[in-house]
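Everything on this sheet refers to the single structure shown next.
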């Protein structure tokens with residue numbers, strides 16, 4: 002035990018949290034620049050839809066952080082007229098009029114891994130989108146007026162949710178052992194067509210905030226769905242989500258950002274259709290039909306490592322220029338960099354506090 006009369010100065014180690022960055026957190030590793038570039042894709046009126054963007058990288062590379070930064074920027078497109086908003090200022094170039102350049106984006110966050118135990122991830126995804134709509138008070142009122150003025154405000158979405166789960170929960174949503182082109186979802190039933198029509202109208206009313214809208218006109222607004230942690234799901238669940246994106250939500254005005262390691266997705270597709278003789282190349286072809294744009298997060302550079310270490314005096318004092326030798330040849334990603342700095346700060350505090358420095 003330290004002597005109670007000991008008046009030495011104690012050092013508390015500075016620790017970097019390893020959760021995905023929050024909106025207010027400072028981003029390193031060029032994540033803000035990546036986020037603006039990718040957010041502009043969805044927000045720009047000229048970008049055609051439907052569009053699926055894959056954000057790939059191994060565990061710890063920062064996929065969730067990047068997806069959240071993109072979502073934060075797009076959420077602010079609801080107030081494009083207010084150029085004083087930090088996100089609007091970040092999204093726009095100095096010579097751009099945000100209202101002319103960008104369109105409103107309604108965003109939905111879907112963590113696929115949290116629904117990994119559900120029988121049909123398609124049902125969970127549609128339910129999540131509808132729940133997001135139901136949380137919008139304006140939409141709940143408008144939807145009731147459009148579909149049945151006698152309904153209580155929230156009953157419209159709840160009814161559609163219940164109908165969808167009841168009618169489609171067991172209707173052809175099991176994965177096929179055939180080729181990717183012969184999945185049951187491709188064989189749309191009359192029930193699916195009816196739901197698709199109603200769902201498309203609900204989306205249009207929500208995106209455009211117009212009770213008379215019947216379908217999304219992408220020049221004037223889009224639905225943006227972020228699907229995170231897809232590569233943590235079982236292979237058959239990954240393929241379920243991919244099929245939902247390709248077949249059921251492949252309509253004008255829909256933009257998807259998929260956060261998943263591309264190699265893991267490819268292996269999942271190949272495994273799911275192995276009995277049909279699908280090889281690695283065919284699995285890649287299948288993914289390319291679904292994911293039109295791909296961005297692989299780069300490893301952390303030595304320059305970004307240096308910037309991070311300089312931000313923590315204890316780490317900088319302990320290492321000096323020796324950090325270059327420690328990271329030479331290392332495959333760095335943000336999580337490994339943070340772990341390295343945390344371990345170093347803790348070790349340095351231990352040495353300082355025990356008088357061994």
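Residue numbers (this note's numbering): 2 to 358. Where a beta carbon is used, it is the ideal one built from N, C-alpha and C, also for glycine. Small disclaimer: the values here were computed from a predicted structure and weren't measured.
Notebook entry, point to check: Can at least three beta-carbon pairs, one atom from the stretch 90–97 and one from the stretch 208–226, be found at a separation below 8 Å?
Noted result: no
Checklist line | Beta-carbon proximity of residue 258 to residue 223, cut-off 9 Å | finding: no
Checklist line | Alpha carbon of residue 278 to alpha carbon of residue 285, nearest angstrom | finding: 14 Å
Check: When burial is assigned at 16 or more other CB atoms within 10 Å of the CB, is residue 247 buried or exposed?
Finding: buried
Check: Under the rule that 16 or more other beta-carbon atoms within 10 Å means buried, what is residue 239, buried or exposed?
Finding: buried
Notebook entry, point to check: Terminal residues of the continuous beta strand (DSSP E) containing residue 103?
Noted result: That residue, residue 103, is in no beta strand (DSSP E); it is neither H nor E in DSSP.
Next item on the list: Inspect the beta-carbon positions of residue 41 and residue 104 and report whether they are closer than 9 Å.
Entry: no
Checklist line | Cβ-based neighbour list, residue 125, same chain, cut-off 7 Å, excluding 5 preceding and 5 following | finding: 116, 119
Check: Can you give the Cα-Cα distance for residue 51 and residue 300, rounded to whole angstroms?
Finding: 30 Å
Check: When the distance is taken between beta carbons, is residue 55 closer than 9 Å to residue 345?
Finding: no
Next item on the list: With DSSP collapsed to three states, give me the class of residue 122.
Entry: helix
Check: For residue 128, which of 219, 200, 355 has the nearest alpha-carbon?
Finding: 200
Check: Where DSSP assigns a beta bridge to residue 110, which residues make up the other side?
Finding: 227
Margin query: With the cut-off set at 9 Å, would you say residue 241 and residue 121 are in Cβ contact?
Written below: yes
Check: Helix, strand or coil for residue 340 per DSSP?
Finding: helix
Checklist line | Neighbourhood of residue 133 by C-beta, 7 Å cutoff - its chain only, sequence neighbours within 5 removed | finding: 109
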